[in-house]
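With the numbering used here as the guide, the letters of the sequence shown map in order to residues 1 to 422. Don't be surprised by glycine CBs; every beta carbon is placed ideally from N, CA and C. Here the structure is a predicted model, which is why all the values come from computation and not from measurement.
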Amino acid sequence: MQARPLHGTPPARGGAVILLLASLTAITPLATDMLLPAFPDMGHDLHAADSSVQLSLTAYLLGMLVGQLLIGPVSDSTGRRRLLLWGSALFAVFSVLCAVATSTELLNTARVLEGVSGSAGMVLARAVVGDWYRGQEAAKRFSILSVIFAVAPIIAPVLGGLITNVFSWRALFVVLAALSVVLLIAVAVALPESLPPERRHSGGVATAFRSMRSLLAERSFLGYVLVFSFANVALFSYISGSSFVFQDVYKLSATQYSLSFAVTAVGILIGGAMVGNLAAKAGLNRLLTIGVTVGLVASAGHAIVSVTAGNTLTTSLVFMFLCMFAMGLTIPSIMTIGQEIGRRSGGAASGVIGAGQCLFGGIAAPVVGALGTGSDKPMAALMVIGFGCAFLCLVLIARPWQRHGENTVIGGQAPQGAATVH
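And the structure:
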């Protein structure tokens, strides 16, 4: 029988464990994107307006926000593994509650709780990678997380469309519960603790939250968090609005929409793979700058065509593919930079990064529906605003030319139990 790896030491079969961590992060796009084709049916079944149904996305993101702000810092004091086990178990329970909801009020309440528990997988997967790896080695692992994170929204709408063509939308939550049980078993069997007691924060939870406040007081870290948060305004505007734009405006079926969404989501996969392969040569900050710039140009082009000539399905797919490619460059770059800057409080750093994503994305999602779903203009406007603000924060606050999160890696010492960069 193979011995369990020491606390804080990357396991011998690191690739399999990274795939497990990536699967834990994929719960969120599954819990959001798999429902997109079902939004119209959910509205009819629950006798709710489009904006009320979209609030289920915001409710989940609100839970994710609160959960990451709590679980991330607390894990710096308690360790990661136990919280991952509890999170996976409770996610399954609350997914079942969503499946039996009889009103949007009950559904959204259960979605908040589902989001809190689901946040454990996302925030702690990033923290575990930060515990074990540094610099370029961390960038490679974060790019894997991003690629799996990209595969999930490719598969999720297609899977959601197929399921809703045969079963009720409620079956989607049953599937989520079953997946969470599988991940719970996998964590219990295969994932060792990544944060040994000697590297945990002393002083309890209060010290953990003080470290989060210290991180936010650091200009560079705050800048990258804001860049990521505003970029997610664009991402979640697309996630929330695309089902109505593609199905109501372009008259696609649920399955056709799912396939169209999958085409654009391939952009995230390509961008994430490029970060893993080019980070050492090009630099994370340069790749991040390219990503945000491409997103701004593509979203602006989409908005201009929408206002002038009017977008077709083809032009929308092209512009959205470029926007998702931009997110593919942005996500792993900021994950790596942020965890490197906040490496002494990896859980807190991961929690702040994820909370900003959920807060800004959660605000954007219902705004698209409130502004109207009979046109692509609201979605286009919010996307260009998101990428525009991300670009301003990148230049004015993050200042990528100073190469934050990269300089400390060269010649730096990896924490005990973490992999050094070769």
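The alpha carbon of Val-151 has as its nearest neighbour, out of Thr-58, Val-263, Leu-195, Tyr-60, the alpha carbon of Val-263.
Each residue's CA atom was taken as its position, placing Gly-223 and Met-327 some 17 Å apart. Residue burial annotation: Gln-402 is exposed, with fewer than 16 other C-beta atoms found within 10 angstroms of its C-beta. The alpha-carbon of Val-245 is positioned some 13 Å away from that of His-302. With three or more CB-CB distances shorter than 8 Å, the stretch 167-182 counts as touching the stretch 89-105.
For Asn-311, same chain residues with a beta-carbon under 6 Å away, outside a window of 5 residues either side, are Val-305, Asp-376 in chain order.
Secondary structure of Tyr-250 (DSSP, three-state): coil. For Trp-86, the enclosing alpha helix (DSSP H) starts and ends at 81-99. One alpha carbon belongs to Gly-79, the other to Phe-221, and they sit about 23 Å apart. Between Pro-400 and Leu-392, the CB-CB gap reaches or exceeds 8 Å. The Cβ-Cβ distance between Asp-131 and Ser-194 falls below 8 Å.
The alpha-carbon of Ile-290 is positioned some 28 Å away from that of Ala-156. If you keep only unbroken alpha helix (DSSP H) runs of at least 4 residues inside the stretch 28-79, you get 39-46, 50-78. In this structure, the straight-line span from the alpha carbon of Ser-242 to that of Asn-232 is close to 15 Å. Inter-residue distance for Ser-88 and Gly-63 is about 14 Å (C-alpha atoms, whole angstroms).
Rounded to the nearest angstrom, the Cβ distance from Gln-54 to Ser-240 is 5 Å, consistent with a contact under 8 Å.
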